[in-house]
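Per this note's numbering, the sequence shown starts with residue 92, numbered consecutively. Even glycine gets a Cβ: it sits at the ideal position worked out from N, Cα and C.
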Amino acid sequence: MTESEQTKSDRTVLAGVDESNYYRVKDVAAPDVGNAEYFNHPKLGWCPVLDILTDIETDSVVIAFGDSETGAFAGILKTYYSEYADIITSSEKAAQFIRNYPDAQIEDAESLVEDLPAETPGARNV
């Protein structure tokens, strides 16, 4: 499948949702935070995702967050596979979520992302 065919396919999958660059996906499994640009930290609010580490042996997920522009590390959140997260992801990744989880709660997040500081999304929360 060519790149343009894949883009067309992604848009078809997202046809039931307003066309946007960003989508909010609610109640995803903690390991899926690795596919997010931002996650809703339980105390800090929306924070950019830098990296994620999943450890199957300890049933844990560690999310590193901070400045997405510079890669500056601000903190980590340790959670578990059984926990759920609220994330914001790109349209391409949102299409993949819909393919994998047809019952996913997904909505347009363009205005939510626009409200985050332009210089470093989520920086005011970190």
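query                                                                                  : result
Endpoints, alpha helix (DSSP H) assigned at A185                                       : S182 to N191
Environment of L218 [buried if 16+ CB atoms lie within 10 Å]                           : Because the chain here runs from 92 to 217, residue 218 falls outside it and cannot be looked at.
Which of helix, strand or coil DSSP assigns to L207                                    : coil
Buried or exposed by the 16-neighbour rule on C-beta atoms within 10 Å, applied to A64 : With the chain covering only 92 through 217, there is no way to say anything about residue 64.
Distance, D118 Cα to S194 Cα                                                           : The sequence as given places Asp at residue 194; Ser does not occur at that position. Roughly 11 Å between the two C-alpha positions.
With 16 other Cβ atoms within 10 Å as the buried cut-off, status of T149               : exposed
Simplified DSSP assignment, three categories, for S218                                 : Outside the displayed range of the chain (92 to 217) lies residue 218, so it cannot be described from this structure.
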